[in-house]
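Written out below as structure tokens is the structure these notes cover.
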Amino acid sequence: MNFSKKLFFAVILFAFLSINNFVNAQGFNSISTADGINVIAVGNTGTSGKNVYRSYNGGNSWAAYEITGVNLKSVCSFNNDVWISGDNGNIYKTQKNNSPINTINTGISSSINSVFFINENEGYFCGNGGSINKSIDGGANWTSVNTGIPSVKLNSISFLDNQKGIVVGDNGTVYLTTNGGTSWTSENTGVTKNLLKVKYFSNGIVITGEYGSLIIKNGNSPWSVVNTRVNADIMGLTGTDINNVHICGGGGFIRNNTNGNSRFYNFEINPMLANLVDLIYSDSQTGYAVSSLNKAIIKTTNGGALWSLTAGATISYQWLNKLNAGSGIGNNLCPHPFDRNTMFVVYGSTVYVSRNRGDNWTSIANITGGGSAHSFYVSPLDTNIWVCAITSGTDRVTRTTNYGVTWTTVISRNFSNYGQPLEMDQNEPNNYYFAPDNGGFYRSTDNGATFNEISNNYPFRSPCDIVVMWDSSNVIFVGDGVTGSGQAQIFKSVNRGVNWTLVETVGSSETPSLCNTVFDQRVMYATEWSGSTIYKTTDYGDNWGISHANGFSGWASGFCQEDPTVILTGNYGPQAAISTNFGATWNTSTSGMSGAGAGMWIQSRDYMLSMQTGGIYKLKIDYSVITSVSENSISGIIPDNYSLEQNYPNPFNPSTIIKFSVPVSGNVSLKVYNQIGKEVETLSDGFKNAGSYEINFNAAALSSGVYFYKLETNGYTQTKKMLLVK
């Protein structure tokens with residue numbers, strides 16, 4: 048029915064590197080570009096060691112560098128200049144093209160979390176302990192300007208001009224200045240979550256933060272809080288004005304408010320199934336975004352309508368087993384109503400919980416009377432109350448009010464031994480609906496304590512699934528079917544289940560799963576068994592058509608809870624199909640899966656679980672990223688002479704290592720040319736301290752042939768030949 052997961056990621060810097068998505072070390076924290084062509088992304092050192100990626104061709108290729116011993120927090124560009132902040136209190140300055148990165152000691156030692164420049168000369172940074180500093184000479188010198196700011200972690204700073212600015216931080220901290228930072232005034236937005244990013248536009252201010260926080264000040268109007276309908280962190284923010292704002296976060300969603308969509312329900316199609324922490328637009332069309340969990344940088348050239356992976360990066364899927372258990376049927380996955388890291392599931396009559404996004408599971412309760420559970424809910428009104436539909440002799444709905452210690456049977460009626468006959472109304476969670484075999488539709492209005500038949504025993508056969516429309520509890524759907532009947536049906540009610548209309552019949556036996564999304568009431572998907580067709584409605588369920596054929600019989604399905612562009616469908620077997628573009632295309636993923644599908648839950652783009660009959664599986668995503676240049680200093684000993692060594696291996700495909708030594712500090716140029724003397728790659732072009740270096744050069748973008756690499760520095764020139772054979 049639904050699906051969820053916590054993802055892992057593999058990053059390649061000439062080699063694959065698997066990482067867990069709780070490790071904030073392998074990707075980036077910030078990205079910037081002044082012109083859309085020269086781009087720089089910065090992050091933590093991590094095990095790969097490279098915390099700076101640069102592209103000089105709009106992301107077609109990337110070069111990886113390292114500023115040793117520091118996690119880089121923020122990067123800002125203005126015209127030709129680029130400033131980077133570190134967690135060691137330093138600012139690093141470079142140019143947008145291939146230039147040396149120079150260290151600036153700011154006089155503080157705590158983390159600088161955000162740097163922002165108004166022009167080439169005037170800039171600000173903010174950081175831990177309430178620090179705010181200002182520079183008027185391009186970052187060479189910094190002066191504290193944090194009068195009125197308490198000792199709080201400040202996360203982001205932005206200025207409209209040299210007078211008006213804003214800074215935001217933990218615990219809902221917001222301060223404004225109207226005099227260039229000379230003094231600051233506290234603002235009360237009504238939000239107390241940690242605020243992560245801010246941007247000051249000419250016609251307003253936008254702030255994003257943890258647990259879906261999105262705050263807007265339109266002109267001189269009061270602050271307003273947007274109900275984003277997610278509890279994921281919103282970490283990135285960019286745009287041209289208050290009516291053209293792009294935000295990113297969670298497991299990889301990107302949303303905007305263009306064309307007057309004040310709810311930010313314009314979702315941008317993108318391939319990132321990992322948290323997005325920052326995005327930047329160089330103009331209205333060209334933008335880049337990064338994750339802290341991998342180095343797969345994504346790009347748009349059409350204003351966010353479509354994003355793609357840069358530099359030939361690729362993505363692969365694999366399901367990992369996280370819990371071995373038996374008698375799993377129906378969809379018994381249930382997220383904790385308030386803790387986004389906690390998930391429940393029932394196998395047989397045993398209740399399991401995971402406190403770390405599905406990685407590890409512990410049994411915490413047993414349902415009295417045994418049996419095999421088919422639907423399970425933890426009440427958001429009182430998390431001690433659980434309601435479960437379970438088979439055993441006479442099937443029943445049972446309920447606990449003490450976190451699973453004791454259970455009471457609420458109603459006994461036989462129901463489908465392959466479906467989910469019980470549903471909680473997500474809009475009004477005091478209401479539950481129950482659809483047994485052979486007619487009738489039951490409703491509870493007291494949090495599952497009692498049920499009453501409300502449909503005059505409407506002649507359903509064997510209901511497989513129930514769905515309540517988001518924001519409209521009057522509208523309910525039932526998927527009905529009987530194994531071997533050759534007739535699967537979908538019914539709709541517009542008066543809370545009292546009366547029903549048959550809206551779809553297909554030539555399969557069952558409609559095992561229906562799914563809908565909070566972001567668009569018009570759209571729903573339905574699976575069929577034993578057919579392979581997925582059905583879709585775009586008019587509130589009145590009419591259904593064929594979406595696509597999976598090539599395998601359908602079973603569970605689910606929209607991503609934070610982004611409707613992502614949909615997952617499964618089957619009663621070890622297969623699943625995922626779409627990241629509103630269902631336009633689908634990728635089948637079977638690797639690692641076993642058993643028969645029962646249910647799915649997609650909490651976020653990076654957190655997907657499939658409940659198979661024999662255990663829980665989580666989707667793991669690998670990103671393959673190759674950089675064309677990766678540089679290391681290989682010796683702290685100053686060499687006696689200049690040298691340029693022969694590359695190895697040679698011939699090569701597609702990567703090779705080039706070593707060189709410079710006994711005197713100075714500007715170093717190392718470039719690659721083809722046989723007619725045309726420059727095809729710049730490996731180094733900037734200041735280097737005296738020492739020995741090696742550069743990993745990846746020529747994946749070049750064709751086979753003879754190439755020349757040339758070193759120039761301090762009057763020394765040397766050229767060598769190499770052979771690329773593909």
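So the number in the numbering used here is just where the residue sits in the sequence shown, counting from 1, plus 47.
Yeah, the Cβ is synthetic: ideal placement off N, Cα and C, and Gly gets one too.
Asked, Found
"Just checking my contact of Gly662 with Asn371 at CB under 8 angstroms: how many whole Å lie between their CB atoms?", "5 angstroms"
"Shortest alpha-carbon distance to Trp602 belongs to which of Gly588, Ser577 and Lys342?", "Ser577"
"Considering only the alpha carbon of each residue, which of Leu691, His421 and Asn388 lies closest to Val398?", "His421"
"Less than 8 angstroms between the beta carbons of Tyr222 and Ser233, yes or no?", "yes"
"Look up Gly219 in the DSSP assignment and say whether it is helix, strand or coil.", "helix"
"For the region 497 to 517 against the region 534 to 544, do three or more pairs of beta-carbon atoms, one drawn from each stretch, fall closer than 8 angstroms, so that the two count as touching?", "yes"
"Less than 8 angstroms between the CB atoms is what I'm expecting for Ser636 and Ile625, so what's the real figure, rounded?", "6 angstroms"
"Taking the beta carbon of Pro269 as the centre, do at least 16 other beta carbons fall within 10 Å, making it buried, or is it exposed?", "exposed"
"For the beta strand (DSSP E) containing Arg446, list its first residue and its last residue.", "Arg443 to Thr447"
"To which residues of the same chain is Pro710 closer than 8 angstroms at the C-beta, ignoring the five residues directly before and after it?", "Ile685, Pro686, Asp687, Asn688, Tyr689 and Ala737"
"What is the DSSP secondary structure of Thr760, counted as helix, strand or coil?", "strand"
"Opposite Ala88 in the DSSP bridges: which residues?", "Ile78 and Tyr100"
"Per DSSP, Asp732 is paired with what?", "Ser716"
"Provide the residue(s) that pair with Tyr457 in DSSP beta bridges, ordered along the chain.", "The displayed chain sequence assigns Val, not Tyr, to residue 457. In DSSP, Val457 forms no bridge with anything."
"Taking only runs of the beta strand (DSSP E) that begin and end inside the region 181 to 218, which ones reach a length of at least 3 residues, in chain order?", "201 to 206 and 212 to 216"
"Measure the C-alpha to C-alpha separation of Val514 and Ala645 and round it to an integer number of angstroms.", "16 angstroms"
"Pick from Ser502, Val162 and Thr585: whose alpha carbon is nearest that of Val525?", "Ser502"
"Gly105 by DSSP, collapsed to three states: which one?", "coil"
"To the nearest angstrom, how far is it from the Cα of Arg141 to the Cα of Asn209?", "One point to set straight first is that residue 141 is Thr, not Arg, in the sequence displayed. Between Thr141 and Asn209, the C-alpha separation is close to 23 angstroms."
"For the putative contact between Asn563 and Asn542, defined by C-beta atoms under 8 angstroms, what is the C-beta separation to the nearest angstrom?", "Their Cβ separation, rounded to whole angstroms, is 18 angstroms, which puts Asn563 and Asn542 out of contact at 8 angstroms."
"To the nearest angstrom, how far is the alpha carbon of His293 from that of Val162?", "20 angstroms"
"Could you tell me the boundaries of the beta strand (DSSP E) in which Lys264 lies?", "Leu261 to Asn265"
"For the 8 angstroms Cβ check, are there 3 or more pairs between the region 255 to 266 and the region 235 to 242?", "yes"
"Would you mind listing the beta strand (DSSP E) stretches within the region 262 to 297 that are 3+ residues and don't spill past its ends, in chain order?", "270 to 272, 281 to 288 and 291 to 296"
"Could you spell out where the beta strand (DSSP E) holding Leu615 opens and where it closes?", "Ile614 to Asn618"
"Can you look up Gly334 in the DSSP assignment and give me helix, strand or coil?", "strand"
"Can you look up Thr548 in the DSSP assignment and give me helix, strand or coil?", "strand"
"For Tyr450, I'd like the list of residues in its chain whose CB is within less than 6 angstroms of its CB, leaving aside the five on either flank, ordered along the chain.", "Asn431"
"Whole angstroms is fine: what's the gap from Gly136's alpha carbon to Gly116's?", "12 angstroms"
"Select from Leu367, Asp442 and Lys342 the residue whose C-alpha is nearest the C-alpha of Gly106.", "Lys342"
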